[in-house]
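So our numbering is basically just the index in the sequence shown, starting at one, shifted up by 296. Note that CB positions come from ideal geometry on N, CA and C, so glycine has one too. These numbers come from a predicted model, not from an experiment.
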Amino acid sequence: MKEKKTGSALRHNRWGYFFLIPFFVVFIIFQLIPLVTTIYNSFFEHYYKNGLTEVGPNFVWLENYKTLLASGDILIYLKNTMIMWIMGFVPQIILSLLLAAWFSDPSLRLKGKKFFQSVIYLPNLIMASAFSMLFFALFAETGPINSMLMQIGLISAPYKFLSHTVSARALVAFMTCLMWFGNTTILLLAGMLGIDQSLYEAAEVDGASSTQIFFRITLPILRPILLYVVITSLIGGLQLFDVPQILTNGQGGPNRTTMTLIMYLNKHLYSKNYGIGGALSVILFFITGVLSIIVFRINTRSQQ
297 MKEKKTGSAL RHNRWGYFFL IPFFVVFIIF QLIPLVTTIY NSFFEHYYKN GLTEVGPNFV
357 WLENYKTLLA SGDILIYLKN TMIMWIMGFV PQIILSLLLA AWFSDPSLRL KGKKFFQSVI
417 YLPNLIMASA FSMLFFALFA ETGPINSMLM QIGLISAPYK FLSHTVSARA LVAFMTCLMW
477 FGNTTILLLA GMLGIDQSLY EAAEVDGASS TQIFFRITLP ILRPILLYVV ITSLIGGLQL
537 FDVPQILTNG QGGPNRTTMT LIMYLNKHLY SKNYGIGGAL SVILFFITGV LSIIVFRINT
597 RSQQ
């Protein structure tokens with residue numbers, strides 16, 4: 297009897313593997329093969345000359361990596377990327393925590409919760425290119441923002457937002473925060489709604505304030521979700537491309553202070569320099585992995 301049950305269980309479980317086949321096919325075609333090809337191209341020199349006449353590819357081993365690291369540009373663009381990510385992520389996580397706490401607090405008795413939860417998620421559904429074009433028009437020299445500031449009397453002449461380092465970076469960070477805080481709020485709200493209400497009731501009976509409850513109960517329980525949000529946001533921040541690309545017309549102005557790693561990568565791919573582009577992609581992969589491990593280790597140590 298046991299042998300018959302084991303055989304039927306194996307036949308039944310076999311269908312699970314059949315359902316996994318589409319995932320592995322898509323993964324191999326669209327992720328594994330491009331990854332291997334990228335690493336392979338990073339060891340070659342690709343150079344195009346006279347239209348479509350190709351010179352190479354020539355095997356150069358680690359020369360592409362040496363060229364990138366010796367130039368120092370990668371460190372500059374990594375710093376730009378991290379600065380804009382931090383400027384956008386800090387207000388994003390603070391705003392998301394506040395909104396999630398308000399929506400999950402039954403004592404506030406907020407009306408229209410579902411409506412507002414849907415509204416704050418809507419910017420996440422808008423394409424980044426459309427969002428960038430909208431902000432480009434709003435903050436242009438002849439745009440409505442400058443007109444309102446001049447009418448109020450805060451400025452006497454149009455302010456060039458994209459011609460100053462601080463305002464240009466702040467504009468990119470503000471756009472990314474506005475686009476993604478709704479998604480972060482929904483994730484944190486789901487975590488807060490899953491917390492056992494008896495913990496809050498016990499804390500209130502013991503005389504804990506709302507601030508103490510938030511920092512002593514809510515945040516520690518939300519730690520896994522916060523870790524997920526930080527890592528995914530970090531990965532997305534390192535891949536920041538479309539917003540600064542459209543706002544600065546691909547130049548990363550002023551003076552390359554909004555040039556990100558992916559914009560730098562795009563320049564090499566556009567010039568058909570697949571060797572340097574592949575090496576930069578591999579370096580970016582390792583940077584992402586190292587930073588993610590650092591965040592994970594910090595979270596693990598803080599729990600001990």
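Return the Cβ separation of residue i and residue j in integer angstroms, given the expectation that the two are a contact with Cβ distance under 8 Å.
i, j, result
"L364", "L576", "6 Å"
"V525", "V591", "Their Cβ separation, rounded to whole angstroms, is 11 Å, which puts V525 and V591 out of contact at 8 Å."
"L534", "T472", "Contact flag wrong, Cβ pair sits at about 12 Å."
"L518", "L484", "7 Å"
"R465", "I379", "6 Å"
"T481", "I521", "Contact doesn't hold; Cβ gap of about 12 Å is too wide."
Comparing alpha-carbon positions, which option in the options lies nearest residue i?
i, options, result
"A285", "S588, G487, H460 and I579", "With the chain covering only 297 through 600, there is no way to say anything about residue 285."
"A469", "P540, F355 and L358", "P540"
"L530", "G571, V321, W381 and V462", "W381"
"G487", "F431, L450, I451 and L395", "L395"
"S506", "S452, D401 and V586", "D401"
"A499", "R512, G490 and L489", "R512"
"G574", "F323, Y336, R310 and G312", "Y336"
"G384", "L467, Q327 and T514", "L467"
"T528", "F537, N479, N545 and L557", "N479"
"F427", "K375, I542 and R593", "I542"
"L358", "A366, L374 and S338", "S338"
"L489", "I594, G312 and A397", "A397"
"G546", "P387, V501, L587 and S425", "S425"
"L561", "I422, A453 and T334", "T334"
Who does residue i pair with in a DSSP beta bridge?
i, result
"N354", "E341"
Tell me which residues share the same chain as residue i and place their Cβ nearer than 7 Å to its Cβ, disregarding the 5 neighbours each side in the sequence.
i, result
"G548", "P540, T554, M555 and M559"
"E497", "none"
"L603", "This structure cannot settle anything about residue 603, because the visible part of the chain is limited to 297 through 600."
"F457", "F435, S463, A464 and L467"
"K409", "F399"
"H342", "G352, P353, K568, N569, Y570 and G571"
"K563", "none"
So, with DSSP's three-state summary, where would you put residue i?
i, result
"A504", "coil"
"R593", "helix"
"T333", "helix"
"F435", "coil"
"R552", "coil"
"D538", "helix"
"Y417", "helix"
"S443", "helix"
"H564", "helix"
"M378", "helix"
"S452", "coil"
"K407", "coil"
"D369", "helix"
"N309", "helix"
"G546", "coil"
"G490", "coil"
"N346", "Confidence at N346 is low in this model, with a pLDDT of 49, below 50, so its placement is unreliable and the value that follows should be read with caution. Coil."
"L518", "coil"
Enumerate in chain order the residues of its own chain whose CB-to-CB distance from residue i is below 6 Å, with the five nearest sequence positions on each side excluded.
i, result
"F314", "none"
"L391", "F477"
"L316", "none"
By Cβ distance below 8 Å, which residues in the same chain neighbour residue i in space, the five residues on each side in sequence not counted?
i, result
"G449", "none"
"Q413", "F399, T481, I482 and L485"
"L374", "L557 and I583"
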